[in-house]
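Number of protein chains: 2
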Amino acid sequence: MQEQNAAATPEVAADDIQTRHQRRMARKKAIVDEKIQQAQRLTGVLLVHTGNGKGKSSSAFGMVMRALGHGMKVGVVQFIKGAMSTGEEKFLRRFPDEVQFHAMGEGYTWETQNRERDMEKAALAWEQAKRFLTDPEIGLVVLDELNIALKYQYLDLQQVIADLDARPEMQHVAVTGRGAPPDLIEIADTVTEMQVIKHAFKEGIAAQAGVEW
Amino acid sequence: MQEQNAAATPEVAADDIQTRHQRRMARKKAIVDEKIQQAQRLTGVLLVHTGNGKGKSSSAFGMVMRALGHGMKVGVVQFIKGAMSTGEEKFLRRFPDEVQFHAMGEGYTWETQNRERDMEKAALAWEQAKRFLTDPEIGLVVLDELNIALKYQYLDLQQVIADLDARPEMQHVAVTGRGAPPDLIEIADTVTEMQVIKHAFKEGIAAQAGVEW
Numbered sequence: 001m002q003e004q005n006a007a008a009t010p011e012v013a014a015d016d017i018q019t020r021h022q023r024r025m026a027r028k029k030a031i032v033d034e035k036i037q038q039a040q041r042l043t044g045v046l047l048v049h050t051g052n053g054k055g056k057s058s059s060a061f062g063m064v065m066r067a068l069g070h071g072m073k074v075g076v077v078q079f080i081k082g083a084m085s086t087g088e089e090k091f092l093r094r095f096p097d098e099v100q101f102h103a104m105g106e107g108y109t110w111e112t113q114n115r116e117r118d119m120e121k122a123a124l125a126w127e128q129a130k131r132f133l134t135d136p137e138i139g140l141v142v143l144d145e146l147n148i149a150l151k152y153q154y155l156d157l158q159q160v161i162a163d164l165d166a167r168p169e170m171q172h173v174a175v176t177g178r179g180a181p182p183d184l185i186e187i188a189d190t191v192t193e194m195q196v197i198k199h200a201f202k203e204g205i206a207a208q209a210g211v212e213w
Numbered sequence: 001m002q003e004q005n006a007a008a009t010p011e012v013a014a015d016d017i018q019t020r021h022q023r024r025m026a027r028k029k030a031i032v033d034e035k036i037q038q039a040q041r042l043t044g045v046l047l048v049h050t051g052n053g054k055g056k057s058s059s060a061f062g063m064v065m066r067a068l069g070h071g072m073k074v075g076v077v078q079f080i081k082g083a084m085s086t087g088e089e090k091f092l093r094r095f096p097d098e099v100q101f102h103a104m105g106e107g108y109t110w111e112t113q114n115r116e117r118d119m120e121k122a123a124l125a126w127e128q129a130k131r132f133l134t135d136p137e138i139g140l141v142v143l144d145e146l147n148i149a150l151k152y153q154y155l156d157l158q159q160v161i162a163d164l165d166a167r168p169e170m171q172h173v174a175v176t177g178r179g180a181p182p183d184l185i186e187i188a189d190t191v192t193e194m195q196v197i198k199h200a201f202k203e204g205i206a207a208q209a210g211v212e213w
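Just so you know, the sequences run in chain order R and A.
Per the UniProt record's numbering, numbering of the first sequence is gapless, rising by one per residue and ending at 213.
Per the UniProt record's numbering, numbering of the second sequence is gapless, rising by one per residue and ending at 213.
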């Protein structure tokens with residue numbers, strides 16, 4: 001018992017922790033370094049953010065910020081959303097040389113209740129998306145809430161996939177919205193499902209500027 | 001059979017679809033409107049983005065964009081990350097009047113392998129975070145990768161929680177990083193778990209500018 005107590009003096013314990021920590025981190029570094037070594041291919045990636053949780057669109061707009069930081073040009077098309085002027089729209093309109101921003105207008109589909117008009121709007125928005133998807137100068141294309149337009153079959157999924165496939169090799173695309181169709185997930189490189197663990201809305205807290213819009 | 005065929009002329013079918021669509025959307029609108037009616041409380045929210053999937057930090061930076069669009073001031077502290085200059089850092093440093101940006105330096109913890117130095121850096125970063133968390137002029141505080149610092153016990157969780165609780169009433173905070181501690185999830189308003197469905201890295205595609213950094 002006495003020996004154990006002696007070994008547990010603060011200095012020795014701190015040394016132990018540091019040694020263990022160092023060993024653990026060295027192992028981790030070796031694994032991470034090897035993974036990085038293996039992942040060397042540079043190519044445009046297709047990302048899909050889906051699920052019911054918060055963070056799908058905001059994550060795409062965080063990528064816009066990264067892209068702008070690296071001097072890339074960005075194209076944004078917002079499907080479905082658009083009646084309300086959002087923070088991201090207000091902000092990005094400050095950089096017309098770097099970001100082309102197109103909001104489809106009309107707001108959420110359950111506000112309009114007019115399928116035909118929604119389909120026309122969606123078709124126009126996809127025309128804009130195609131202009132971005134054929135322009136190699138644009139490094140990142142955000143197709144915000146595209147999954148909703150696909151879910152309601154406002155757009156033809158196979159045509160959308162064909163246009164995504166035909167884009168410039170180094171162009172990144174981020175698609176957001178609940179209920180991403182399986183065929184889109186299939187052709188995507190990175191797919192994240194945002195899952196709700198809890199949401200302030202359920203506690204009676206309003207959607208607020210800077211958080212939800 | 002003939003009657004059925006007659007009823008399935010394109011015009012009638014389109015009308016049916018539109019009627020069904022309208023009814024479904026009207027129901028949805030009623031539910032959404034009622035929820036919005038109930039969720040009226042305005043207050044600063046604490047958001048936690050956790051899980052192994054992509055989108056935790058980028059979603060926080062998307063919120064930064066929203067906040068800036070609404071004229072709010074923003075404070076960012078990056079824990080753990082920082083050796084590499086990221087796109088978000090380069091971009092946000094263009095707006096020194098609107099964004100205060102502090103990167104902890106030193107890179108990921110498995111690069112340094114020095115627990116004591118990491119703890120000192122984390123403590124300094126938390127001092128900066130506390131300056132933001134006591135400043136009512138700052139509408140949004142991003143504590144990027146704080147969960148990693150908590151996981152390695154570089155910071156005292158109960159102190160962190162106390163400081164978060166004591167912040168100005170209308171201030172929003174976004175905390176990111178894998179493995180958010182249960183006590184933090186407990187006090188958060190909105191928690192999203194980013195789940196990996198697939199990741200380009202596993203297919204040998206490198207982490208790239210505008211996507212991962």
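For every residue, glycine included, the Cβ atom is placed at its ideal position computed from N, Cα and C.
Quick caveat, the model's predicted, so the values are computed rather than measured.
Put simply, the stretch 96–103 of chain R does not touch the stretch 114–121 of chain R. Fewer than three CB pairs are less than 8 Å apart. Chain R places no beta carbon closer than 8 Å to that of residue 75 of chain A, leaving this residue out of the contacts. Excluding five sequence positions before and after residue 126 of chain A, the CB atoms of its chain that fall closer than 6 Å to its own CB belong to 155, given in chain order. Interface flag for residue 199 of chain A against chain R is set, since a Cβ pair is found closer than 8 Å. Close partners of residue 61 of chain R in chain A (Cβ separation under 7 Å): 62 and 65. Sequence-distant Cβ neighbours of residue 168 of chain A in its own chain, meaning closer than 6 Å and more than five residues away, are 136. Distances from the CA of residue 211 of chain R to each of A/172, A/184 and A/177 were compared; the closest alpha carbon is that of A/172. For residue 144 of chain A, the number of other beta carbons within 10 angstroms of its own is at least 16, and it is reported as buried.
At least one CB of chain R lies nearer than 8 Å to the CB of residue 208 of chain A.
In the three-state reduction of the DSSP assignment, residue 103 of chain A falls in the strand class. Of the residues R/77, R/62 and R/76, the one whose Cα lies closest to the Cα of residue 88 of chain A is R/62.
Selection R/209, R/208 and R/201 evaluated against residue 34 of chain A yields R/201 as nearest (Cα-Cα). When beta bridges are read from the DSSP output, residue 174 of chain R appears opposite R/47 and R/142. In the displayed model, residue 187 of chain R falls within a helix according to three-state DSSP. For residue 188 of chain R, the C-beta contacts it makes with chain A under 8 Å involve 198, in order along the chain. Beta-bridge annotation (DSSP): residue 160 of chain R is not paired with any residue. If you check the CB distance, residue 192 of chain R and residue 196 of chain A come in under 8 Å.
Taking each of A/43, A/42, A/79 and A/92 in turn and checking the Cα distance to residue 66 of chain R, the smallest one comes out for A/92.
Collapsing the DSSP output to three states places residue 211 of chain R in coil. In this structure, the straight-line span from the alpha carbon of residue 178 of chain A to that of residue 160 of chain A is close to 17 Å. The criterion of a C-beta distance shorter than 8 Å is not satisfied by residue 157 of chain A and residue 46 of chain A. Residue 35 of chain R carries a helical assignment under DSSP once its states are collapsed to helix, strand and coil.
By the C-beta density criterion, residue 190 of chain R is buried, having at least 16 other C-beta atoms within 10 angstroms. DSSP places residue 179 of chain R in no alpha helix (DSSP H); its state is neither H nor E.
For the stretch 144–175 of chain A, the set of positions with a beta-carbon nearer than 7 Å to some beta-carbon of chain R reads 172 in chain order. For residue 70 of chain A, the C-beta contacts it makes with chain R under 8 Å involve 87, 90, 209 and 210, in order along the chain.
Beyond the five residues adjoining it in sequence on each side, residue 181 of chain A comes within less than 8 Å, by CB distance, of 147, 150, 151 and 157 in the same chain, given in chain order.
The C-beta distance from residue 205 of chain R to residue 43 of chain A rounds to 6 Å, short enough to fall under 8 Å.
Only residues of its own chain outside the window of five on either side were considered, and among them 139 and 140 have a CB closer than 7 Å to the CB of residue 72 of chain A, listed in chain order. 8 Å or more divides the Cβ of residue 98 of chain A from the Cβ of residue 133 of chain A. Residue 121 of chain R does not reach chain A, its nearest Cβ partner there being about 14 Å away, counting only Cβ pairs nearer than 7 Å.
Only residues of its own chain outside the window of five on either side were considered, and among them 157 and 161 have a CB closer than 7 Å to the CB of residue 183 of chain A, listed in chain order. Residue contact check for residue 117 of chain A against chain R: no CB pair falls below 8 Å. If you check the CB distance, residue 209 of chain A and residue 70 of chain R come in under 8 Å.
Here the alpha carbons of residue 38 of chain A and residue 29 of chain A stand approximately 14 Å from one another. At a cut-off of 8 Å between beta carbons, residue 21 of chain A contacts chain R.
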